[in-house]
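Structure first, commentary second.
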Amino acid sequence: MKSEWSAKAARTAVRTYAKQGIGEDLALRVYTTRLLGNDPRLVLHGGGNTSVKTVMTDTAGDEVEVLCVKGSGWDMGDIEPPGLPAVRLDAIRKLRKLKRLSDEDMVNVQRGALLDSNSPNPSVETLLHAFLPHKFIDHTHSDAVLSVTDQPNGADICRDIYDDRVALVPYIMPGFDLAQSCARIWERHRDVEGLILLKHGIFTFGETAREAYERMIDLVTVAEKHLAKAKTAQSLARSRLPAKIAAVEDIAPVLRGAVAEATGEDWRRMVLDLRSSADVMKYVSGRDVARYATTGPVTPDHVIRTKPKPLILAAPNANGLAPFATAVKAAVRKYGIDYARYFDRHNKKLKTPKTMLDTMPRVILVPGLGLFGLGKSAKDARIAADLAETTARVVADAENLGVYKCIPEKDIFEIEYWSL
């Protein structure tokens, strides 16, 4: 990766925000957050967060130490200062001494510690940022890091390529437990430049915005170079396709009809967003697509937009549209049955049962044609397609390196049905 840091742009950001009464720390935090957020190889649709520890003045006129951390509902690519709500550090650092903390209590404490009660909810990873001592902290779901860690031996690979530059954190669901684990691990490895959260992402930190940002770029580049060495390996071998694939304009209406749900006298319909890049075509037409595409999301939070697995169809023969339409309807029904079984399998283990979401797929793979993101709006369909397209690249690189393997199904379910 190439650093996009510009001293001139950084100075401009500081001057511009100073006119709004924003201090240098927060101005630079906004600047580098945008640098990260505008690179889809690092951040996509809410994946990742940033923070800075600084001093602000409260309503009483007292100076207080705060953590300005990415807030809910803000995109890192175009974030503004209000998207990094200030949280009183002393109030949330006290939580470090606890052994347990429910998600609900965590959110309550974080909201109660806001300098401005009208601010958005701080990130679910706020405590992780607070429990680490560094001034600037960056977190992304880097494609390259995911390809390296989404392996049966991901930890071993990271030790080999990073040596002692990073510390490794086993997968733990975001929240209090992850924050505690990261803090304990950092305390045993105080000289590291970052933390690799296996099968999740990467954190980097520094005393300046530039240091934290450029450590991110540098550590991700290490993963990219390692993946590049494996590019000569054979992976995603192509399956045999019909001599003539049906046209998109013939297939899309079939898919939309199959996923439409009757709601009394009306229908609940889905919007489709097609992707057919070279990476996507290689992914959807791979001989082993039924294995690697149904393993699970490349980073846990994707499941919220894509569901645990895509619907995989057979390649549509241009000379067999009627049989294809029949097969699609059957495949959608089976997908719904399988999803309900997945839900029941994990829901029955909960003390407080969840309510099942709809059973329709959010991604459909069509060999020879591409992938479709599905959503109840054009925006939702685009997001699902973006994440699926990223998945295609991450999985291909993971398969080049070894064998793609994400978190277990029970952990996927926890994220999909997480109340936060």
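If you're matching positions, the sequence shown starts at 689 in my numbering and goes up one per residue.
Heads up, the beta-carbon is just placed ideally off N, CA and C, and yes, glycines get one too.
Taken through DSSP and simplified to helix, strand or coil, Glu912 comes out as helix. For Pro1055, the closest C-alpha among the options Ala1015, His1034, Val972 is that of Val972. DSSP places Gly736 outside both helix and strand once states are collapsed to three, so it counts as coil. Contact between the stretch 833-850 and the stretch 904-924 is present: three or more C-beta pairs spanning the two stretches fall below 8 Å. Within the same chain, Cβ atoms closer than 8 Å to the Cβ of Ala801 are found at Val775, Arg776, Ala779, Ile780, the five residues on either side in sequence being excluded. Counted as a single uninterrupted DSSP element, the stretch harbouring Thr896 is not any alpha helix (DSSP H), since DSSP gives it neither H nor E. Exclusion of the five residues before and after Thr982 leaves Lys997 as the residues of its chain whose Cβ lies within less than 6 Å of its Cβ. With a 10 Å radius around the Cβ and a threshold of 16 neighbouring Cβ atoms, Arg979 comes out exposed.
For Ile1052 against Leu999, the beta-carbon gap comes to about 5 Å, under 8 Å, which counts as contact. Asn809 and Ala1015 have their C-alpha atoms spaced approximately 45 Å apart. Of Thr828, Gly945, Tyr859, Ser830, the smallest CA-CA separation from Ala843 is found for Tyr859. Counting only residues of its own chain and dropping the five nearest sequence neighbours on each side, Val731 has a CB closer than 8 Å to the CB of Leu724, Gly725, Met764, Gly765, Thr828, His829. Burial is judged here by how many other beta carbons sit within 10 angstroms of a residue's own beta carbon; Lys995 has at least 16 and is buried. Between Arg963 and Ser927, the C-beta gap is not smaller than 8 Å, which leaves the two residues out of contact.
With the rule of 3 Cβ pairs closer than 8 Å, the stretch 749-762 counts as touching the stretch 805-819.
Annotated three-state conformation of Arg878 is coil, per DSSP.
Non-local beta-carbon contacts of Arg993 in its own chain, meaning distances under 6 Å to residues more than five positions away in sequence, involve Ile1071, Ala1072, Leu1075 in chain order. When rounded, the separation of the alpha-carbon atoms in Val797 and Ala900 is 27 Å. For Cys870, the CB contacts under 8 Å within the same chain, skipping 5 residues up- and downstream, are Leu816, Phe819, Leu820, Val857, Leu883, Leu885, Phe891 in chain order.
Ile710: not part of any beta strand (DSSP E); DSSP gives it neither H nor E. Residue pairing by DSSP places His827 opposite Asn737, Phe891 in a beta bridge. Contiguous alpha helix (DSSP H) elements confined to the stretch 957-1004 occur at 966-972, 977-980, 991-994, taking only those with 4 or more residues.
Shown here, Thr951 sits in a strand according to DSSP, grouped into three states.
For Glu895, same chain residues with a beta-carbon under 6 Å away, outside a window of 5 residues either side, are Lys823 in chain order. In this structure Ile939 touches Pro1004 by the C-beta definition: roughly 5 Å separates them, less than 8 Å. Rounded to whole angstroms, the separation of the alpha carbons of Val942 and Ala1006 is 13 Å. Taken through DSSP and simplified to helix, strand or coil, Ile884 comes out as strand. The Cβ neighbour count for His733, taken over all protein chains shown within 10 Å, is at least 16; the residue is labelled buried.
Under the criterion of beta carbons closer than 8 Å, Val986 and Ile1100 do not qualify as touching, at roughly 11 Å. The beta carbons of Leu1108 and Asp865 sit about 13 Å from each other, so the pair does not count as a contact at 8 Å. Contact between Asp967 and Arg1050 is ruled out by a C-beta separation of about 19 Å, above the 8 Å threshold. Per DSSP, the continuous beta strand (DSSP E) segment holding Ile1052 begins and ends at 1051-1054.
Going by DSSP, Cys756 is part of no alpha helix (DSSP H) but of the beta strand (DSSP E) stretching over 751-757.
In this structure, Ile849 lies near Val910, with their beta-carbon atoms less than 8 Å apart. Under the criterion of beta carbons closer than 8 Å, Val740 and Arg722 do not qualify as touching, at roughly 14 Å. Within the same chain, and ignoring the five residues on either side of Phe893 in sequence, the residues whose Cβ sits closer than 6 Å to its Cβ are His822, Ile825, Ala900.
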